[in-house]
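Enquirer:
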Ligand SMILES: [Zn+2]
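Residue numbers (the numbering used here): 12 to 122.
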């Protein structure tokens, strides 16, 4: 079984089996990271990888699961931008029981 040395932020250098590491890579940006649960402190550590580290880890048979950026990032935005004043007005409306009850009633009648 292949082993790799990683640096836990709490415990320092530790040796892990390559099966203890999970990697993922963003298809669009190429950013990759790996994670593991440290046997010493039982915390999950996540580390970004540079190209060299990625190549070393994949050469050690660590699988990097591909993932995509959220599709919402590609959406074209329409309408007005929500301002700070809009948020304050919304906050005041939500904290007014009468306005909140009316808004709920309007939502229920719309469905
Ligand atoms: Zn640790």
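Built from N, CA and C at the ideal position, the CB exists for glycine as well. These numbers come from a predicted model, not from an experiment.
Among the candidates 39, 71, 110, 15, whose CA atom is the shortest distance from the CA of residue 84?
Expert: Nearest option by C-alpha distance: 39.
Enquirer: Look at the alpha carbon of residue 33 and the alpha carbon of residue 50, and state the distance between them as a whole number of angstroms.
Expert: Spanning the two alpha carbons is a distance of roughly 15 angstroms.
Enquirer: When DSSP builds the beta bridges, which residues end up paired with residue 25?
Expert: Residue 25 pairs with 17.
Enquirer: Just checking residue 51 against ligand 1 - is the residue's beta carbon closer than 7 angstroms to any of the ligand's heavy atoms?
Expert: Yes.
Enquirer: Just the C-alpha distance for residue 89 and residue 81, rounded to the nearest angstrom, thanks.
Expert: In a straight line, the C-alpha of residue 89 is about 18 angstroms away from that of residue 81.
Enquirer: Considering residue 66, what are the terminal residues of the alpha helix (DSSP H) in which it resides?
Expert: Taken as a continuous stretch (DSSP letters only), the alpha helix (DSSP H) holding residue 66 covers 62-70.
Enquirer: Heavy atom of ligand 1 less than 7 angstroms from the Cβ of residue 42, yes or no?
Expert: It does not: the Cβ of residue 42 is nowhere closer than 7 angstroms to a heavy atom of ligand 1.
Enquirer: DSSP three-state call for residue 86: helix, strand or coil?
Expert: Coil, per DSSP.
Enquirer: Could you check whether residue 45 and residue 31 sit closer than 8 angstroms to each other, using their CB atoms as the reference points?
Expert: Against a cut-off of 8 angstroms, the Cβ pair of residue 45 and residue 31 comes out as no contact.
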